[in-house]
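Student:
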Amino acid sequence: MSTLSTMWTCHWAGRRIQRYLDADPAAPLTAQEAHRLHRHLATCAKCASAAEDFRGLRRALATWSQHRTPDPQLAARVRDTARQLIAEDAG
Amino acid sequence: MTGGRRPGHGEDVGSHRTPEGRRHDVGKEATKPPGFPTVTPGLNDAATTNQAARTRAFAQHVEPEIDVLLRVARTLTGSWADAEDLVQDTLIRAYRGLESFDGAHPRAWLLTILRNTNINSHRRQRPDLLDADDSPERHTPAFGATSTPSPEQTVTDRELGEDLQRAVAALDPKFSTVLLLVDVDDLTYSEVADVLGIAVGTVTSRLSRARKRLRHDLNANARRSS
Ligand SMILES: [Zn+2]
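Protein sequences appear in the order of chains P and A.
Numbered according to my numbering, the first sequence terminates at residue 272, and the numbering increases by one at each position without gaps.
Numbered according to my numbering, the second sequence terminates at residue 1716, and the numbering increases by one at each position without gaps.
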C-alpha cells in the first residue's frame, strides 16, 4: 500500500472510530464500513492505538458516573414534591 | 430547599417561548388554567376521570425518568441544588403538558421540557465545572463526594482520574457538556441533541473533538511524566 493510500485510509478510519466504539443508534456505521474499519484496525498500529485510547477514555469516564448518581433521597424528595403539587392542582 | 422558584398556579409559563423551533410542543398547555384541564364546568365525574388519568400518566411516563433528569440537570447546572430546582420545575411543566404528549419517547419529551425550562430560568449555567458543589453540606457522602477512592482503585487509576478531570475542565464547556452527557450520564446522541437543542451531527462532531483533545492532552501528560 502506498503511503498516500495508507494516509487516506487512516483519515477515513479516524472519522469513524468513535462512532464504531459508541455504536449509537443515531449514527451507525454500515456493515461494510464496520468491516473495513475492523480490518484496518487489525493492521494499522496508529489507528489501533487511537481506538485503544478512546476505549480507555470511555472506561475512565464511565467510572465518574457513580459519583454523579443522584442521592435516592433527593430523587424521592423531587418525586414527592411533584406528587404533592399535582394533588393540590387536582384539589 | 425553599421551593421559591416553583411555578405557582396560573403562572403563564408559555410566555417565555424561545425563538427556536420545538421538536415537541411543550408549552401549549400552559395557556389553560392548570386547575381545569379540558373539562366543562359542572362535569365533575369527567374532571375526576381526567385527573386520575393524568396522575396515572405521570407515574407511568415521568416518574421513572426522574433519576436521569437529575443527572442531566446536574451536568447542565453544575450543582445538585440547582439540579433539584430545575427538575422540580420540569416535572410540573411535564404534568401540565401531559395531555399533548402522545406517550412515545417520554425521555426525549422530558429532556426537551428540561431544556426549555433551563433556558427560561435565569439560573446561571455552569456546565464546565466538575465539582461545582462548593458548599460543605453538599459534600456529604450521600451526594457522592469524589474524594474517597474505592480500595480497589490503583494509584494509576487515581492519577489518570486527576489528569482526566483537569483535561475535561480545560475543555470549552460546549464540548465538555456533550462529552459528560454521553460518556458519564450515558445519554444517546439523540437525547443529547434534545436536551441541548442541537443537531445529532453537532453532537457527534463536538464529542469527537472533545475526545481527541482529551487523548492529546493525556498523552502529552504521560510523556511529560515518563
Ligand atoms: Zn490507520
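Even glycine gets a Cβ: it sits at the ideal position worked out from N, Cα and C.
If you're wondering where the values come from, they're calculated on a predicted model, not measured in any experiment.
Any heavy atom of ligand 1 closer than 7 angstroms to the CB of P:H221?
Tutor: On the first sequence, position 40 is the one that residue 221 of chain P refers to. Yes, since a heavy atom of ligand 1 falls inside the 7 angstroms radius drawn around the Cβ of P:H221.
Student: Does the Cβ of P:A194 lie closer than 7 angstroms to at least one heavy atom of ligand 1?
Tutor: Along the first sequence, one-based indexing puts residue 194 of chain P at 13. Yes, the beta carbon of P:A194 sits closer than 7 angstroms to at least one heavy atom of ligand 1.
Student: Go through its chain and collect everything with a Cβ distance to P:Y201's Cβ below 6 angstroms, but skip five positions before and after it.
Tutor: Position 20 of the first sequence, counted from the first residue, corresponds to residue 201 of chain P. These residues qualify, in order along the chain: L210, L218.
Student: If I'm right that A:T1607 touches A:D1653 with Cβ under 8 angstroms, what's the distance once you round it to whole angstroms?
Tutor: Numbered from 1 along the second sequence, position 117 holds the residue referred to as residue 1607 of chain A. Numbered from 1 along the second sequence, position 163 holds the residue referred to as residue 1653 of chain A. Actually they do not touch by this definition, with Cβ atoms about 35 angstroms apart.
Student: Which term fits P:P251, buried or exposed, when burial requires 16 or more other beta carbons within 10 angstroms of its beta carbon?
Tutor: The sequence position of residue 251 of chain P within the first sequence is 70, counting from 1. P:P251 comes out buried.
Student: Which of the three DSSP states, helix, strand or coil, is assigned to P:D234?
Tutor: Against the first sequence, residue 234 of chain P aligns to sequence position 53. P:D234: helix per DSSP, three-state reduction.
Student: Just by C-beta distance, which residues in the segment 202-222 of chain P are closer than 8 angstroms to chain A?
Tutor: Answer set for the segment 202-222 of chain P: D203, D205, P206, A207, A208.
Student: If you draw a straight line from the alpha carbon of A:A1549 to that of A:I1609, how long is it in whole angstroms?
Tutor: Working through the second sequence from its first residue, we reach residue 1549 of chain A at position 59. Working through the second sequence from its first residue, we reach residue 1609 of chain A at position 119. Between A:A1549 and A:I1609, the C-alpha separation is close to 26 angstroms.
Student: For a contact meaning CB atoms closer than 9 angstroms, what does A:D1676 contact in chain P?
Tutor: The residue you call residue 1676 of chain A lines up with position 186 of the second sequence. Chain P residues near A:D1676: A243, S246.
Student: Suppose the cutoff is 7 angstroms on Cβ atoms and the five residues either side in sequence are ignored; what does the same chain contact list for A:A1547 look like?
Tutor: The sequence position of residue 1547 of chain A within the second sequence is 57, counting from 1. Here the set comprises L1588.
Student: Could you check whether P:D234 and A:R1699 sit closer than 8 angstroms to each other, using their CB atoms as the reference points?
Tutor: Your numbering for residue 1699 of chain A matches position 209 in the second sequence. Your numbering for residue 234 of chain P matches position 53 in the first sequence. In this structure, P:D234 does not lie closer than 8 angstroms to A:R1699 by Cβ.
Student: Applying the criterion that 16 or more other CB atoms from any shown protein chain within 10 Å of the CB defines a buried residue, is P:E269 buried or exposed?
Tutor: In the first sequence, the residue the question calls residue 269 of chain P occupies position 88. Classification of P:E269: exposed, given that the 10 Å Cβ count is below 16.
Student: Rounded to whole angstroms, what's the CA-CA distance from A:N1711 to P:R240? Just pull it up for me.
Tutor: Locating residue 1711 of chain A in the second sequence gives position 221, where the first residue counts as 1. Locating residue 240 of chain P in the first sequence gives position 59, where the first residue counts as 1. For A:N1711 and P:R240, the distance between alpha carbons rounds to 19 angstroms.
Student: With a cut-off of 8 angstroms, does the C-beta of P:D234 fall near any C-beta of chain A?
Tutor: In the first sequence, the residue the question calls residue 234 of chain P occupies position 53. By this cut-off, P:D234 is an interface position.
Student: Quick one: measure Cβ to Cβ for A:V1685 and A:L1671, integer angstroms, because I've assumed they're closer than 8 angstroms.
Tutor: Residue mapping note: residue 1685 of chain A aligns to position 195 of the second sequence, counting from 1. Residue mapping note: residue 1671 of chain A aligns to position 181 of the second sequence, counting from 1. Indeed, because the Cβ distance is near 7 angstroms, the residues count as touching under 8 angstroms.
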